[in-house]
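Residue numbers (UniProt numbering): 1 to 265. Written below as structure tokens is the structure these notes are about.
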């Protein structure tokens, strides 16, 4: 370790302690911390005492340590400053492989999705996407991806607030028009990890999408990649779906999501 790297050993030890406490299956005792991190007991006791004083750690009735509420305050402040649209464009900056696709970011508002960001490709799609545009959620890949990202209770609540009698007429012959079909579609999306719009919004246009999650694991948006039906033969459905899922995961991570990560390569 260089001299510059070892100028604040106490801080480095404190971070190691926080990492260990977070990873432990039960609140570790001071002796556990000293043993696992190979640190002098006097050093550990001093650090733990200060970290409890500052709210970085809390001591339980069994004298074990757990993460303190001050960390939650910091985490909340950081995540609030993470702007969804900014992170979307940041991730796209490093994804030249997606230049051939139109990439959209939508949010769910009632029975509709609203487009909040878009990067159009040079390819003529036969349909245009623009910020502020709204479409019925059930016909869009991003909308269905967000519905699939809900837990069962939230999805049932959404159905109750948006009964089939209020649904828009299908935009194409492929449009979903029954609760049975929608429920089956949601189950398939959850199983494979991405949604597919097979010309439900516009004939000749396909879209593959996945949901974006925030730091708490809640679905906050949907990301879709669109291409003309004539370009489908260049890819497999799984390749396109995994592209969308990988992009959504990258944005989720930038929003603070630390749930299960998957390899979409």
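We put the CB at the ideal spot given by N, CA and C, even for glycine.
Leaving aside the five residues before and after residue i along the sequence, list all residues of the same chain whose C-beta is less than 7 angstroms from its C-beta, in chain order.
{"i": "residue 141", "result": "195, 196, 197, 207, 208, 209, 224"}
{"i": "residue 36", "result": "20"}
{"i": "residue 203", "result": "172"}
{"i": "residue 192", "result": "241"}
{"i": "residue 29", "result": "63, 64"}
{"i": "residue 45", "result": "30"}
{"i": "residue 199", "result": "172, 174, 205, 206, 229"}
{"i": "residue 112", "result": "134, 135, 136, 137"}
Any idea what DSSP makes of residue i, helix, strand or coil?
{"i": "residue 131", "result": "coil"}
{"i": "residue 119", "result": "strand"}
{"i": "residue 194", "result": "coil"}
{"i": "residue 65", "result": "strand"}
{"i": "residue 252", "result": "helix"}
{"i": "residue 212", "result": "strand"}
{"i": "residue 150", "result": "coil"}
{"i": "residue 9", "result": "helix"}
{"i": "residue 138", "result": "helix"}
{"i": "residue 24", "result": "coil"}
{"i": "residue 52", "result": "helix"}
{"i": "residue 81", "result": "Per-residue confidence for residue 81 stands at a pLDDT of 48, beneath the threshold of 50, marking its modelled position as unreliable; the derived number appears in the next sentence. Coil at residue 81, not helix or strand."}
{"i": "residue 221", "result": "strand"}
{"i": "residue 74", "result": "helix"}
{"i": "residue 39", "result": "coil"}
Quick check on the burial criterion: 16 or more other C-beta atoms within 10 angstroms. Buried or exposed for residue i?
{"i": "residue 226", "result": "buried"}
{"i": "residue 87", "result": "buried"}
{"i": "residue 81", "result": "Residue confidence is low: residue 81 scores 48 on pLDDT, short of 50, so the model does not pin down where it sits. Its coordinate-derived value is still stated next. Under this definition residue 81 is an exposed residue."}
{"i": "residue 173", "result": "exposed"}
{"i": "residue 262", "result": "exposed"}
{"i": "residue 90", "result": "exposed"}
{"i": "residue 136", "result": "buried"}
{"i": "residue 251", "result": "buried"}
{"i": "residue 153", "result": "exposed"}
{"i": "residue 40", "result": "exposed"}
{"i": "residue 144", "result": "buried"}
{"i": "residue 211", "result": "buried"}
{"i": "residue 161", "result": "exposed"}
{"i": "residue 167", "result": "buried"}
{"i": "residue 182", "result": "buried"}
{"i": "residue 248", "result": "buried"}
Thinking just about the alpha-carbon of each residue, which of the options is nearest to the one in residue i?
{"i": "residue 71", "options": "109, 175, 161, 58", "result": "58"}
{"i": "residue 245", "options": "134, 98, 231, 33", "result": "98"}
{"i": "residue 34", "options": "230, 64, 143, 166", "result": "64"}
{"i": "residue 25", "options": "48, 16, 53, 66", "result": "66"}
{"i": "residue 18", "options": "61, 237, 69", "result": "69"}
{"i": "residue 60", "options": "27, 155, 43", "result": "27"}
Please list, in chain order, all residues of the same chain as residue i whose beta carbon is under 6 angstroms from its beta carbon, the five residues on each side excluded.
{"i": "residue 177", "result": "170"}
{"i": "residue 239", "result": "none"}
Excluding five sequence neighbours on each side, which residues of the same chain lie with their C-beta closer than 8 angstroms to the C-beta of residue i?
{"i": "residue 230", "result": "204"}
{"i": "residue 85", "result": "105, 116, 117"}
Taking 7 angstroms as the line, does the beta carbon of residue i fall inside it for any heavy atom of the ligand NAP?
{"i": "residue 18", "result": "The ligand NAP is not part of the structure shown, which contains no ligands of any sort."}
On the three-pair Cβ rule with 8 angstroms, is the segment 142 to 152 touching the segment 215 to 223?
-> Flag = yes, the segment 142 to 152 and the segment 215 to 223 touch.
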